[in-house]
Each structure stands twice: as structure tokens, then as C-alpha cells.
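To start, the structure itself, in C-alpha cells.
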Amino acid sequence: MLTSTIVDILMKETRTEPATYTLEWAMAELMHNSEIMRKVQKELEQAVGKGIPIQETDIAKLPYMQAVIKETFRLHPAVPFLLPRKAETDVKIGDYIIPKDAQILVNAWIIGRDPNKWDNPNVFLPERFLDCEIDVKGHHFELIPFGSGRRICPGLPLAIRMLPLMLGSLINCFSWKLEDGLNVDDLNKEDEYGITLEKSQPVRIVPIKLTEKDYML
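Written as C-alpha cells, this is what we have:
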């Protein structure tokens, strides 16, 4: 039995990679929401088969897991203030004047939790993205974890392929439990702000290899 952070398992050498933080947040939310975890496991078992690593061709068959990833992006954007911009001219936005050459930061974190746009904005609820056209590609300004327009994050195409492959394979090939002595209420879900949005404390969970009995369930 191996005890490790989820980051150590997959991407130990790339600790500053934003996809790492999104993966860690997704696992934290799933461990905190066991019913959602069971729904993802059931979808994977039906679409792919238990214990089988996910292939890119499987992603389209996993709408609920994709909704989990979108919900993770909404609540925990890896780069919460996106990339800085500079005003080319004086700009008036509402009652505010943005002077020329001012540095501008877009708060993707607060946009994703705006109660005017989202019902129960602080609740992890992947179902909100089922049968919903909102995506993370910068077309819908209520969800812009990668930014939008000409300066959208160039890593977007890679991230939207990598995350389903990694998250799906981890969930489908292992059972998971918290470290001994911990319970769900002990999971720390506080943010640590910087250029990227990290968990203030790593997720400490234990991957358990599936047995023949698991395959028969």
C-alpha cells in the first residue's frame, strides 16, 4: 500500500504545472463528496471497464467526469487572476476609470463563484454542467479558467486532454481512502494564493490496488 500525495503519484517532477493543482483539487473534492465519486466510478465502469486506463477516445463517453472537471475549474481555477493585461487607453467601466497603462487583473476565481451567474456557487455540483453548453474555452465569460480571446492560455488543448486521462485512470484503476486517522471532515479545502491557486495543505490519500473481488462487484 502506497501513501503519497496525488501529485507525487503522477507529476512529482512538475510541481508547478497548473494541471497538477487542478488534478489535486478534483481528487480533494471527490474524496469530500463520496456520492459524486461513486457516480464517476460507475460511469467509468460502464463506459470503459473497471481497472482499465482511460484512452483519449474514451473521453467523449464520460460526460459526468467531464462535468466534474469543469466544476473543479469553476471553483478552483489554477491561475485565479489569469495573465496581467495593460490598458492601452483610458477606459470607463461602470463608475470606474481605468487609466492608460494600468495593469489589469481578471479575477477568474470570483467570477466562478458569482451568485448572479451560478446557483449555490460555493457547492461542488457537477450536475450543473450536464446538458449545458458552457465550456472552458473562453466562449462563456462566467467560466474562464484559461482566459479568453487572443491571449487565452496556450496550454488549454493539452489540459483538456490530460486531465480526463489522468483523473479517469486514477479513479478507474485504484480504490482510494484517506490516510489512517483522517476522516472527510479533516480534509482541508483552503486555498493558497499566488500566481497559481494551490491547496494550502496537500491531499493525503492512499491508492489501493484493485483485487479480483473488486472486478466482480
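Numbering of the sequence shown is given in full-length UniProt numbering, commencing with residue 1 and proceeding in unit increments. A virtual CB, placed ideally from N, CA and C, is assigned to each residue, including glycine. All figures in this text were calculated on a predicted structure; none of them were measured in a lab.
C-beta neighbour in chain D for residue i, strict 8 Å
{"i": "P18", "result": "Protein chains in the displayed structure number just one, and chain D is not present."}
Cβ pair residue i, residue j closer than 8 Å
{"i": "R161", "j": "L182", "result": "no"}
{"i": "S169", "j": "I54", "result": "yes"}
{"i": "R85", "j": "I97", "result": "no"}
{"i": "P126", "j": "L62", "result": "no"}
{"i": "V68", "j": "A26", "result": "yes"}
{"i": "L75", "j": "L167", "result": "no"}
{"i": "K100", "j": "L210", "result": "no"}
Residue i, DSSP secondary structure in three states
{"i": "I59", "result": "helix"}
{"i": "W109", "result": "helix"}
{"i": "F141", "result": "coil"}
{"i": "W118", "result": "coil"}
{"i": "F174", "result": "strand"}
{"i": "V206", "result": "strand"}
{"i": "K86", "result": "strand"}
{"i": "K39", "result": "helix"}
Contacting residues, own chain, Cβ-Cβ under 8 Å from residue i (five flanking each side not counted)
{"i": "G155", "result": "P18, A19, F146"}
{"i": "residue 236", "result": "This structure does not reach residue 236, given that the chain is present from 1 up to 217, and the question cannot be answered."}
{"i": "D135", "result": "K70, L143"}
Cβ-based burial, residue i [other Cβ within 10 Å; buried from 16]
{"i": "E43", "result": "buried"}
{"i": "T57", "result": "exposed"}
{"i": "F141", "result": "exposed"}
{"i": "G149", "result": "exposed"}
{"i": "I208", "result": "exposed"}
7 Å Cβ shell around residue i - same chain, five flanking residues per side excluded
{"i": "I171", "result": "V40, Q41, L44"}
{"i": "E29", "result": "T72, F124"}
{"i": "V48", "result": "I54, D58, N172"}
8 Å contact criterion, which residue i and residue j should meet: CB distance rounded
{"i": "K92", "j": "F129", "result": "Not quite, the Cβ-Cβ distance comes to about 34 Å (not below 8 Å), so this is no contact."}
{"i": "A108", "j": "P77", "result": "4 Å"}
Beta-carbon contacts of residue i that lie in its chain and below 6 Å, excluding the five residues immediately before and after
{"i": "I152", "result": "G138, F146"}
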